[in-house]
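First residue of the sequence shown? That's 120 in this note's numbering, and the numbers climb one at a time after it. Yeah, the Cβ is synthetic: ideal placement off N, Cα and C, and Gly gets one too. Working notes, beginning with the structure itself.
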Amino acid sequence: MAQLSEAAVKEIGGLIDERLRGISLDPATATKKEIAEQRQLIEMLSAQNDDISAKINGQSHTKTNTYVSLEDALWNAAKAKKAEIEAIVKANGRQTEPLVFQVGTKAAVDLTTANTIGVGATQYSLVQNTGQISKIRQREERYLSVAAPGTIGAPRALWVEETDEQGVPVFIAEGETKTRVSVKYVEKIAEVRKIAVYGKVTTEMLADLPQLISYIQNNMAKRLSVKTEDQLIDGDGADDNLYGLTHYATPFSAGDLAAQIPMANELDVIRAIALQVELAYGIGNALFVNSADWAKIQLIKDTDGHPIWKEYEVAGTGRVVISGLEIIPTTAIASGEFVGGDMSVVNVLYREGLTVQIGLSGDDFINNKKTILVEQRLVQFVSGNDTQVLVKGTFAAAVAALNKVG
120 MAQLSEAAVK EIGGLIDERL RGISLDPATA TKKEIAEQRQ LIEMLSAQND
170 DISAKINGQS HTKTNTYVSL EDALWNAAKA KKAEIEAIVK ANGRQTEPLV
220 FQVGTKAAVD LTTANTIGVG ATQYSLVQNT GQISKIRQRE ERYLSVAAPG
270 TIGAPRALWV EETDEQGVPV FIAEGETKTR VSVKYVEKIA EVRKIAVYGK
320 VTTEMLADLP QLISYIQNNM AKRLSVKTED QLIDGDGADD NLYGLTHYAT
370 PFSAGDLAAQ IPMANELDVI RAIALQVELA YGIGNALFVN SADWAKIQLI
420 KDTDGHPIWK EYEVAGTGRV VISGLEIIPT TAIASGEFVG GDMSVVNVLY
470 REGLTVQIGL SGDDFINNKK TILVEQRLVQ FVSGNDTQVL VKGTFAAAVA
520 ALNKVG
């Protein structure tokens, strides 16, 4: 341990002398409590003197079980911050950041079951923290796996739609007048929406980085992402809501397959959806169905008792693709419903990705808490020319429309 400078020794010695001058008592009038407190203080100051002597000699001297009062601990901590305190005073009390005092604790004692959890009438139990945190289960988000997101640098998304085509191209003979064609361009706008949540954590939890990251990732961010997916699929566009996929999709139509399929089932419906997308000049790539409905489809068997869905399984991937549509089971879709088709026409653009901020709010400072804010801003839109390649409906109605009676 490095030796103290002569100036430091004098300063500390002066402080001790000042404290000693303030503890004189009249033995004739002093109470037993005051005498005991005086003796305790003298012992503490004597120990400090011993420490100073040891440091002057370049030795490390440590006493165990030495009591340090809160007043003394604060006194020592304040001395270490003297320059910062003076700077605040000179600035008329203005601070750019909180002033933090590292205050010492009382001397440590040997920990035993007798002087800790075994004290008093309570019975103690020796346990070990496994480090595991049991999080509230949330569904796995599947939407963005087929609707790849992009970015946007403004609060509104603008795109141009072609409408009102005029004229018809025709083959003509030599020298004849060509056919005139035209189209109208219309600007469309969709506004970016924000979703945000906040939570309060103690400064103790803030100091435990793994626990803090777990809370943000598994609770705040996860719940925000699940709610965002709900909006991307089924948002109604009202107030500050997103316009969801079901808002843009076209209702199922059996078309030429109406009443043509004997003993129609859900697999037939999926094939009819793919045909509807194809006839609208789209290339179907995904269909969202409820998890329970997919389980029902997996139980459909051929005349030999083999599950039919196995014929559509992509070997080694766990994916099932029927007529070009990858089946994506999720509880984000209501039971009995479906929506999907050519998901390449769905635009999901992020103005701000998932952002985490930690700061003070309200009475956080006096409650030893911090406010954590998690938010993101995004927009989803589908051009009016592309809504026909997205299909929605219910399996019950679709099966009824396809089924051939008699």
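- If you draw a straight line from the Cα of residue 306 to the Cα of residue 463, it is about 21 Å long.
- Taking the Cβ atoms as the reference, residue 459 lies roughly 7 Å from residue 510, within the contact range of under 8 Å.
- Counting C-beta atoms within 10 angstroms of its own C-beta, residue 262 has 16 or more neighbours from the protein chains shown and is therefore classed as buried.
- If you look at residue 341, you'll find it in the alpha helix (DSSP H) that goes 341-353.
- Following the DSSP letters along the chain, one finds residue 304 inside the beta strand (DSSP E) bounded by residues 301-310.
- In this structure, DSSP gives residue 259 a state outside helix and strand, which the three-state scheme calls coil.
- Ranked by how close their Cα comes to the Cα of residue 404, the residues 475, 490, 438, 485 have 438 in first place.
- Around the beta carbon of residue 302, fewer than 16 other beta carbons lie within 10 angstroms, which makes this residue exposed.
- Here the alpha carbon of residue 258 sits roughly 56 Å from the alpha carbon of residue 298.
- Annotated three-state conformation of residue 388 is helix, per DSSP.
- Buried is the label assigned to residue 444, since at least 16 other Cβ atoms lie within 10 Å of its Cβ.
- Distance from the Cα of residue 514 is smallest, within the candidate group 389, 290, 440, for 389.
- About 6 Å separates the beta carbon of residue 413 from that of residue 446, a gap short enough to meet the 8 Å contact definition.
- In this structure residue 500 touches residue 309 by the C-beta definition: roughly 4 Å separates them, less than 8 Å.
- Residue 353 is a Cβ neighbour of residue 364, given a cutoff of 9 Å.
- Cβ contact annotation for residue 524 (same chain, cutoff 8 Å, sequence separation greater than five): 378, in chain order.
- Between residue 451 and residue 348, the gap from beta carbon to beta carbon is short of 9 Å.
- Per DSSP, residue 495 lies in no alpha helix (DSSP H) segment; the continuous beta strand (DSSP E) that holds it begins and ends at 488-500.
- Within the DSSP bridge table, the entry for residue 476 names 492 as partners.
- Below 8 Å, too few C-beta pairs join the segment 481-492 and the segment 278-298 to call them touching: fewer than three.
- In this structure the segment 314-323 lies against the segment 490-499, because at least three pairs of beta carbons, one per stretch, are closer than 8 Å.
- In the three-state DSSP reduction, residue 512 falls in the strand class (E or B).
- Beta-bridge partners assigned by DSSP to residue 405: 445, 460.
- Beta-bridge partners of residue 278 (DSSP): 307.
- Residue state for residue 396 is assigned as helix, using DSSP reduced to three classes.
- The Cβ atoms of residue 329 and residue 467 do not sit closer than 9 Å to each other.
- Cα atoms of residue 489 and residue 335: separation of roughly 13 Å, rounded to the nearest angstrom.
- For residue 374, the three-state secondary structure derived from DSSP is helix.
- In the DSSP annotation of this structure, the continuous segment of the alpha helix (DSSP H) that includes residue 322 starts and ends at 322-326.
- Straight-line spacing of the CA atoms in residue 472 and residue 457 works out to 28 Å.
- Straight through space, the alpha carbons of residue 407 and residue 382 are spaced by roughly 23 Å.
- Taking 9 Å as the cut-off, the Cβ atoms of residue 465 and residue 276 do not count as close.
- The beta-carbon distance between residue 333 and residue 260, rounded to whole angstroms, is 18 Å. This is too long to meet the 8 Å contact definition.
- For residue 270, the enclosing beta strand (DSSP E) stretches over residues 268-270.
- Counting only the Cα atoms, residue 391 lies some 14 Å from residue 461.
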